[in-house]
Amino acid sequence: MRAFTSTRDITALHALPNGSLRIETSGGVLQAFANGKTQVLSRQECLPTRCNAPLPPRAHGAVVTACLPDGLTAVFGDSCLWQAQRPGPSLPTHLRAVTALARWNGRLVIGVRRQGAWVQDGPTWRPLTQHESEPTDHNIQALTEYQKTLYASTLDQGLVTFDGQHWSQLRAPLLSSDAPRQLLIHGEQLLVRHGDGQVDRLTQGRWERAVFKPLLPRPEVSALASDGRTLIVLQWGGFSRLSNGTWTHHFDLPALRATPLTCALLDGERLWLGTQGKGLYELSGNTITRHDERHGLPDDWLTALQKTPDGTLWAGTFVGGLARLRPGATRWERLPQTDGQQVTALEPRRNSLLVATRQKVLTVNAPGTSLPAIHEAQALCQGATLGLWIGARTALYQA
1099 MRAFTSTRDI
1109 TALHALPNGS
1119 LRIETSGGVL
1129 QAFANGKTQV
1139 LSRQECLPTR
1149 CNAPLPPRAH
1159 GAVVTACLPD
1169 GLTAVFGDSC
1179 LWQAQRPGPS
1189 LPTHLRAVTA
1199 LARWNGRLVI
1209 GVRRQGAWVQ
1219 DGPTWRPLTQ
1229 HESEPTDHNI
1239 QALTEYQKTL
1249 YASTLDQGLV
1259 TFDGQHWSQL
1269 RAPLLSSDAP
1279 RQLLIHGEQL
1289 LVRHGDGQVD
1299 RLTQGRWERA
1309 VFKPLLPRPE
1319 VSALASDGRT
1329 LIVLQWGGFS
1339 RLSNGTWTHH
1349 FDLPALRATP
1359 LTCALLDGER
1369 LWLGTQGKGL
1379 YELSGNTITR
1389 HDERHGLPDD
1399 WLTALQKTPD
1409 GTLWAGTFVG
1419 GLARLRPGAT
1429 RWERLPQTDG
1439 QQVTALEPRR
1449 NSLLVATRQK
1459 VLTVNAPGTS
1469 LPAIHEAQAL
1479 CQGATLGLWI
1489 GARTALYQA
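Be aware that the sequence shown starts at 1099, since it is given in this note's numbering, and climbs by one per residue.
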């Protein structure tokens, strides 16, 4: 298991006697060496260390101070760096949210809130923690592989992509926002749903922003689903369907009015709609059937839907764990190993199903075992070329 631990939010820097540098971040602890390589020491979140006593009050106030071998160094405000009571090298705009200071191999190292660790190189600064080695944000919301590239949506740092060798970052204004939430491949397109309900589209290397805004009766999209041919777009109290280039809008179903829709699954001629508070609806032709706790569902708030090749339908819930509906059955079965847990993602894997919850990642339908080291898992991706990826609140894992 390979872990990518964020170094973009530095909490402390420590020069070690062996010549290496200990880097504490909000996503874990790394060790940097003089040859430029880094290794993960821990994935546990670190608490910020206490600052040293500040210098006498100045106009801007001292933000960060550290007792370095050559004297006290401080950052005043967020721009002026002082060394041993004398003005030091200036900081460029993108490095002014300084959180930590250290002297390493005779050079000054600064930790920056969202830009990692940087080392002074003469009159300039160069990154100590390279962007190519990890994503810029460890809080992963969704994962998918599109045209041999891994796309990871983050909490508030846009999209992070990985082509197998290099990381890249995509943010506004290229995208509608820096808060992408869902990634979905529909046909030859990659759709990105944002926290504000807008949907962007990537086709043949070109991004289009807010592509559904003029086409839908309601402005905010809550979820997307596709079987490769038909696209389902969930909105408040109803949904829209795109099939063969034609839109149809369905907001006249009494059961769905004033209902938050959370997830959907296209299943041949049937459509499954998960809700927040009203369980699961099954639409087949003109017939609509409600599935809830009376039918064995452990919770009426659905978070994820998936169907495995054996015909079993799987439903993840907010506080009730995972349930399954076997072919031909009318009652749902709970999975005891997930009782009371929040299911965050479901992903088919070979002949089994990979299940992510806030506590663990496990497999079902196979002699699977849980992966207890992965906590707060939020996204799963079984890529055709890039393998299995697990996105969590504190790290991104490659199995």
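By construction, the Cβ of each residue, glycine as well, lies at the ideal position given by its N, Cα and C atoms.
In this text, all values refer to a predicted model and were calculated from it rather than measured experimentally.
For F1131, the number of other beta carbons within 10 angstroms of its own is below 16, and it is reported as exposed. The Cβ atoms of G1295 and V1319 lie closer than 7 Å to each other.
With respect to the C-alpha of G1383, the residue from E1367, R1424, V1217, L1248 having the closest C-alpha is E1367. In this structure, the beta-carbon distance from T1428 to H1236 does not fall below 7 Å. Selection P1315, P1312, L1484, L1281 evaluated against L1300 yields L1281 as nearest (Cα-Cα). Restricting attention to A1413, P1434, G1418, V1417, the CA atom closest to the CA of R1424 is found in A1413. When rounded, the separation of the alpha-carbon atoms in L1268 and R1392 is 45 Å. Three or more beta-carbon pairs separated by less than 8 Å link the stretch 1335-1353 to the stretch 1308-1324, which places the two stretches in contact. Contact between the stretch 1115-1125 and the stretch 1239-1251 is absent, with fewer than three C-beta pairs closer than 8 Å. The criterion of a C-beta distance shorter than 7 Å is satisfied by V1217 and R1205. As summarised for the stretch 1259-1283, the continuous beta strand (DSSP E) elements at least 3 residues long and confined to that stretch are 1265-1268, given in chain order.
Just so you know, the alpha carbons of L1322 and E1306 end up roughly 17 Å apart. In this structure T1401 does not touch T1357 by the C-beta definition: roughly 15 Å separates them, more than the 8 Å allowed. Beta-carbon to beta-carbon, L1403 and A1443 are separated by about 11 Å, too far to satisfy the 8 Å threshold. Contact between T1234 and V1210 is absent: CB atoms are separated by about 12 Å, not below the 8 Å threshold. Rounded to the nearest angstrom, the gap between the Cα atoms of L1170 and C1178 is 14 Å. Of the candidates D1325, Q1302, S1324, L1289, the residue whose Cα lies closest to the Cα of A1308 is L1289. Going by C-alpha positions, V1297 is about 4 Å away from R1291. For W1430, the closest C-alpha among the options G1438, D1390, Y1244, L1272 is that of D1390. Beta-bridge analysis with DSSP links H1348 to F1337. Distance between W1223 and T1191, taken at the CA atoms: about 12 Å. Boundaries of the beta strand (DSSP E) harbouring V1459: 1459-1462, taken from the DSSP string. Note on the stretch 1176-1252: whole beta strand (DSSP E) runs with a minimum of 3 residues are 1178-1181, 1196-1202, 1205-1210, 1214-1219, 1222-1225, 1238-1244, 1247-1252, in chain order.
Nearest neighbour of I1488 by Cα position, chosen from L1226, L1452, A1482, V1462, turns out to be L1452. Residue environment for C1479: buried (at least 16 other C-beta atoms within 10 angstroms of its C-beta). For P1396, the secondary structure class from DSSP, reduced to helix, strand or coil, is coil.
The shortest C-alpha to C-alpha distance from H1284 to any of N1133, T1328, V1127 is the one to T1328. If the five residues before and after Q1287 are omitted, its C-beta is found closer than 6 Å to the C-beta atoms of R1299, T1301, all from its own chain and listed in chain order. The closest CA to that of I1108, considering only G1125, R1388, N1133, N1116, is found on G1125. Residue pairing by DSSP places E1122 opposite A1110, V1127 in a beta bridge.
When DSSP states are grouped into helix, strand and coil, P1434 belongs to the helix group. If you compare the alpha carbons of L1381, H1473, Q1333 with that of K1311, the shortest gap goes to Q1333.
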